[in-house]
Amino acid sequence: MSRNSIILLPKNKKLLQAVGENIKLARLRRKLTMDQVSERAGISRPTLSSLEKGSPSISLGIILQVLVVLGLEKDILLLADDDVLGRKIQDADLTVKERGPKNTKK
């Protein structure tokens, strides 16, 4: 196994594959070839292919470049947009216990 390999649970792999498939469908709806999108995004064709297959090694920056080419860059703002759990924690106003004073030896 390589040093930089990313291990994902099967359900998380499926999520990445769904994202890749959505990007592929957006490209096809616009009647753009892989060569056109990869050239406009400044990435290689194999990188675009990996993105469309849901590879976990593709950076968020590359995904953003492809979304810009497809005119979908604002969709990246939808990531973690509806943070229900985070809001519940915030609303519960959970407090962190403060540390007591340090004991200083004389």
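Residues in the sequence shown are numbered from 1 upward in steps of one, following full-length UniProt numbering. Ideal Cβ positions, reconstructed from N, Cα and C, are used throughout, including at glycine.
*Since residue 110 is in the alpha helix (DSSP H), which residue starts that stretch and which ends it?*
In this structure the chain extends from 1 to 106, so residue 110 is not present and cannot be described.
_Status (buried if at least 16 other CB within 10 Å, exposed otherwise) for Ala41_ = With 16 or more other Cβ atoms within 10 Å, it is buried.
*Note down, in chain order, each residue of its chain lying with its Cβ closer than 8 Å to the Cβ of Ser55, except the 5 sequence neighbours on either side.*
Leu16, Gly20, listed in sequence order.
*asked:* Taking the alpha helix (DSSP H) that Pro46 belongs to, which residues open and close that run?
replied: Here the alpha helix (DSSP H) through Pro46 covers 45 to 53.
*Is the beta carbon of Ser38 less than 9 Å from the beta carbon of Leu48?*
Taking 9 Å as the Cβ cut-off, Ser38 and Leu48 qualify as a contacting pair.
*Can you tell me which of the three DSSP states Ile58 falls into?*
DSSP places Ile58 in coil when its eight states are reduced to three.
*Could you give the distance in angstroms between the alpha-carbon of Lys74 and the alpha-carbon of Ile62?*
Each residue's Cα considered, the two are about 15 Å apart.
*Identify which residue in Ile76, Asn22, Ser5 has its Cα closest to the Cα of Lys53.*
The candidate whose alpha carbon is nearest that of Lys53 is Asn22.
*Can you tell which of Ala26, Pro10, Leu85 has its C-alpha closest to the C-alpha of Val68?*
Val68 has its Cα closest to that of Ala26, out of Ala26, Pro10, Leu85.
*asked:* Once DSSP output is grouped into helix, strand and coil, what is the label at Glu39?
replied: Helix, per DSSP.
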